[in-house]
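Inspection log for the structure reproduced underneath, given as structure tokens.
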Amino acid sequence: MNSDLRAVIGALPLDVAVVSAAGCAGPELQPYTDLAGFGALITRSVTLEAHPGRPMPRLVETPAGLLNAIGTPGPGVAGFVSDELPRLVRTGARIIVSISATTVADFGRVAAALRHCDGISALEINISSPVLEEGVLPFAADARGAAAVVHAVRRNTPAAWPVLAKLSGDVADVPSVAIACRDAGAAAVSLINAVRGVALDTDSGVSALGSGLGGLSGPAIRPIALKAVWDVHARAPDLPILAGGGVTDGGSALSMVLAGASAVSVGSGLLNDPRCVDRVTGELDRLVGERGGSLSALIGAAHGGSETEWEAG
Ligand SMILES: Cc1cc2nc3c(=O)[nH]c(=O)nc-3n(C[C@H](O)[C@H](O)[C@H](O)COP(=O)(O)O)c2cc1C
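Here it is as structure tokens:
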């Protein structure tokens, strides 16, 4: 490594500022990559009860991304603690557990069920899943709802674990939601989750996904993610941002940092290339090396004059 790629997300130190996004890496990648070399691994979202996930088909390719409607399949938090967490911990990766629920109280219950577990470095609260029941908005659609979830999770989480709120880019005012989460106790925000989308099967005329609505990820959403990072950093420069959404190479990772991110996540890039985190890290290392060698010195470096024109545009 030529550069200093260390990062701090809230109180969470990372040796490398590149992590795998929620639901996109697990022990199955071990034959291809060293998970312990990631900044951290964020689990798929863990729910209170076991869940089968959404009906098939769950994935559709789009020209510059992936539409997924996976839901939150899994054994529930009890099964996660007994079976999945020990396997994840054995990989040597730093583990951030993503949690999800449909009520504020259940978010608190999932957090409480994890609080005595060893091997967890932080929690990420998934309040931004794009695939919900018809007409239901995610908690991240509204600053008050988002803050209520952060508060419930924070109350049930050991003080040593930073809580990250994972927000949506699909809302009009992302910074207000981010600031409400910070004020409710979030140490950092993750920006952004997949963006709502649909795909039609033109022969049958029905959705190409089993559950209708999907979440778009990959390079197609990179500009949306970058805008969210930019806006949140402009309004709350002290709030650490973990940026994801189309990060697939060193250049896209560096743009997120220049816009205000402290670290980046790689999601669907790992589905194409299981070594994507290693590649992004290597390329970022070179790019940061060419710019003074310290990633933390580059956070938000692109701010400084152009935001007025962006707002006007
Ligand atoms: C296959 C797949 C599974 C995912 N599972 C989760 C999940 O369990 N929880 C969550 O918060 N986000 C989940 N996501 C969203 C990603 O963590 C990420 O926020 C999103 O894909 C945007 O990043 P990307 O463009 O790098 O993929 C999933 C995405 C994909 C493609």
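Note that the working numbering gives residue 96 to position 105 of the sequence shown, counting from 1, and the numbers run on in steps of one.
Glycine included, C-beta positions come from ideal geometry on N, C-alpha and C.
Predicted model only: the values in this text are computed from it and were never measured.
In this structure residue 32 does not touch residue 104 by the C-beta definition: roughly 20 angstroms separates them, more than the 8 angstroms allowed. Taking 8 angstroms as the cut-off, the C-beta of residue 15 counts as close to a heavy atom of ligand 1. Distance from the CA atom of residue 259 to the CA atom of residue 195, rounded to whole angstroms, is 27 angstroms. Nearest to residue 110 by alpha-carbon distance, out of 65, 41, 77 and -7, is 77. Your pair residue 24 and residue 269 checks out as a contact, with CB atoms roughly 6 angstroms apart and the cut at 8 angstroms. The stretch 274 to 288 makes contact with the stretch -3 to 17: 3 or more CB pairs, one atom from each, lie closer than 8 angstroms. Residue 56 has 53 as its beta-bridge partners, per DSSP. Closer than 8 angstroms to some heavy atom of ligand 1: that describes the Cβ of residue 212. In its chain, beyond the 5 residues on either side, 276, 279, 280 and 284 have a beta carbon closer than 6 angstroms to the beta carbon of residue -6. Secondary structure in the stretch 200 to 264: the alpha helix (DSSP H) runs of 4 residues or longer, each lying completely within the stretch, are 213 to 226, 241 to 250 and 260 to 263 in chain order. With contacts defined by Cβ atoms closer than 9 angstroms, residue 202 and residue 49 form a contacting pair. In this model, residue 17 and residue 261 are separated by some 11 angstroms (Cα to Cα).
Assignment of residue 106 by DSSP, reduced to helix, strand and coil, places it in the coil class.
Take the alpha-carbon of residue 122 and the one of residue 144: they are about 22 angstroms apart.
Restricted to the stretch -7 to 46, the beta strand (DSSP E) segments that are unbroken, complete and at least 3 residues in length are -2 to 0, 3 to 5 and 9 to 11, listed in chain order. Relative to ligand 1, residue 113 has its C-beta separated by 8 angstroms or more from all heavy atoms. The alpha carbon of residue 89 has as its nearest neighbour, out of 231, 254 and 156, the alpha carbon of 156. Residues of the same chain with a CB within less than 6 angstroms of the CB of residue 60, apart from the 5 flanking positions on each side, are 45, 49, 122, 200, 202 and 205 in chain order. Comparing alpha carbon positions, the residue from 136, 209, 14 and 271 closest to residue 95 is 136.
For residue 186, no alpha helix (DSSP H) run applies; the uninterrupted beta strand (DSSP E) run containing it begins and ends at 186 to 188, by DSSP. Annotation: residue 88 is outside any alpha helix (DSSP H); the continuous beta strand (DSSP E) that includes it extends over 86 to 90.
With contacts defined by Cβ atoms closer than 9 angstroms, residue 207 and residue 57 form a contacting pair.
Excluding residues up to 5 positions away in sequence, 141, 154, 155 and 156 lie with their Cβ nearer than 7 angstroms to the Cβ of residue 177 in the same chain.
The Cβ atoms of residue 232 and residue 180 lie closer than 9 angstroms to each other. The DSSP-derived three-state label of residue 128 is coil. Each residue's CA atom was taken as its position, placing residue 228 and residue 251 some 8 angstroms apart.
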